[in-house]
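*Asks:* Dumping the structure here so I can ask a few things about it.
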Amino acid sequence: MSITVTPLTTEFVAEISGIDLAQPLPAADRDAIQAAIDRYAILVFHDQKLTDDQQIAFSRQFGPIHASAQRARHTGIKHRLASNEIADISNLDGDSKVLAPDAKRRLDWLANRLWHTDASFRAVPGALSLLYAHVVPDDDGDGGGDTEFADLRAAYDALPDKTKREIDGLVAEHSIWHSRGQLAVTKYTPEELASLPPVPQRIVRRHPGSGRKTLYLASHASHVLGMPIADGRLLLLDLIEHATQRPFVHRHCWRQGDLVIWDNRCTMHRARPFDTTKVRDLRRVTTRDAASTLEQAA
Ligand code: OGA
Ligand code: MN
Numbered sequence: 001m002s003i004t005v006t007p008l009t010t011e012f013v014a015e016i017s018g019i020d021l022a023q024p025l026p027a028a029d030r031d032a033i034q035a036a037i038d039r040y041a042i043l044v045f046h047d048q049k050l051t052d053d054q055q056i057a058f059s060r061q062f063g064p065i066h067a068s069a070q071r072a073r074h075t076g077i078k079h080r081l082a083s084n085e086i087a088d089i090s091n092l093d094g095d096s097k098v099l100a101p102d103a104k105r106r107l108d109w110l111a112n113r114l115w116h117t118d119a120s121f122r123a124v125p126g127a128l129s130l131l132y133a134h135v136v137p138d139d140d141g142d143g144g145g146d147t148e149f150a151d152l153r154a155a156y157d158a159l160p161d162k163t164k165r166e167i168d169g170l171v172a173e174h175s176i177w178h179s180r181g182q183l184a185v186t187k188y189t190p191e192e193l194a195s196l197p198p199v200p201q202r203i204v205r206r207h208p209g210s211g212r213k214t215l216y217l218a219s220h221a222s223h224v225l226g227m228p229i230a231d232g233r234l235l236l237l238d239l240i241e242h243a244t245q246r247p248f249v250h251r252h253c254w255r256q257g258d259l260v261i262w263d264n265r266c267t268m269h270r271a272r273p274f275d276t277t278k279v280r281d282l283r284r285v286t287t288r289d290a291a292s293t294l295e296q297a298a
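Here the working numbering is used: the first residue of the sequence shown is 1, the next is one more, and so on.
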């Protein structure tokens, strides 16, 4: 059986059916998924049953895996998942208990509620993220922990020409400590802080899969090189506000067994609220981009 690609929006989100991701991936299906990623940026697969190893093996078909930085910034605690090729996006501790309200890892994880793209704070940033839902909380009126995605290619296209000229060639500094600092989460050791130093990334880049220009933004971005901090920060805030207007945003309501792939090079995402005393167990594999955005054609 071959796969079916059903667009949910013309150029941003598609659902893929007719495939069991736990099985070895036929080359034709791999290529069809890659083509769909390049076109749509967000792909949704329902009703999958994956172990961590199967999720990692599937992800590896789309690029080298970016080892998670979670262990580097949470030293001295027990981690729940065995491999650093998979990031723990749950609200569970190393013993699979719901994290205490003031647990450092919970506070760090809450920064996923800020608009961001994965691993833009690493010199070689993330390319694709593949997030799989093991346990999803019920939506009993206060939200079920949905995820929102913003289309940064469409947002770039919609900018006034004057803004496009102004931001062409600009470089922002990204640091994971900047996004955490916005939530006043600062309890990191000197070694943890030193493990993830700030890195420069272009604000406008060319998305390799489609050849389209795109914004590249995240709450990790603190300022623009060569500009007073305040001006650069205001510019970044304005661009994020522009890019997250409703017409550019898609909301995914999770079901257990969903796997969602997104392309970090041309999207942002954020988690939405839910009752964090309930279990939400999602796990993510991210692939590595080819190089820093500074080394890629803009
Ligand atoms: C992530 C992330 C959002 C969510 O996995 O990178 O930001 O809704 N997740 O859990
Ligand atoms: Mn993320």
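Positions of the beta carbon are idealized from the N, C-alpha and C atoms, including for glycine. All of these numbers come straight from a predicted model, not from anything done at the bench.
For a test of the three-state rule: what should DSSP assign to Y156, helix, strand or coil?
*Replies:* DSSP places Y156 in helix when its eight states are reduced to three.
*Asks:* Measuring from each Cβ to the nearest heavy atom of the ligand MN, keep the ones under 7 Å and list them in chain order.
*Replies:* Every residue whose beta carbon comes nearer than 7 Å to a heavy atom of the ligand MN appears here in chain order: N112, H116, D118, S129 and H269.
*Asks:* Can you tell me where the alpha helix (DSSP H) with I240 in it begins and where it stops?
*Replies:* I229 to A243
*Asks:* In terms of alpha-carbon separation, which member of L152, R288, S222 and D157 lies closest to L130?
*Replies:* L130 has its Cα closest to that of R288, out of L152, R288, S222 and D157.
*Asks:* Grab the span of the beta strand (DSSP E) containing Q201 for me, first residue to last.
*Replies:* V199 to R202
*Asks:* Helix or strand or just coil, what does DSSP make of E85?
*Replies:* coil
*Asks:* What do you reckon, are the CB atoms on V224 and G211 nearer than 8 Å?
*Replies:* No.
*Asks:* Whole angstroms is fine: what's the gap from I203's alpha carbon to G169's?
*Replies:* 7 Å
*Asks:* Quick one, which of D31, F12, Q61 and Q55 has its alpha-carbon nearest Y40's?
*Replies:* The residue among D31, F12, Q61 and Q55 with its C-alpha nearest the C-alpha of Y40 is F12.
*Asks:* Look at the alpha carbon of I56 and the alpha carbon of V124, and state the distance between them as a whole number of angstroms.
*Replies:* 20 Å
*Asks:* CB-CB under 7 Å to H174, same chain, minus the five flanking residues each way: which ones, in chain order?
*Replies:* Here the set comprises S120, F121, P198, V199, Q201, A218, H220 and A221.
*Asks:* Between D47 and G181, which are expected to be in contact by the criterion C-beta below 8 Å, what is the C-beta distance as a whole number of angstroms?
*Replies:* Not confirmed; about 40 Å, so no contact.
*Asks:* Would the beta-carbon of P137 fall within 8 Å of that of F45?
*Replies:* Contact flag unset, no.
*Asks:* Using a 10 Å radius around the Cβ and a threshold of 16 neighbouring Cβ atoms, would you call A133 buried or exposed?
*Replies:* Burial check for A133: the Cβ neighbour count within 10 Å reaches 16 or more, so the residue is buried.
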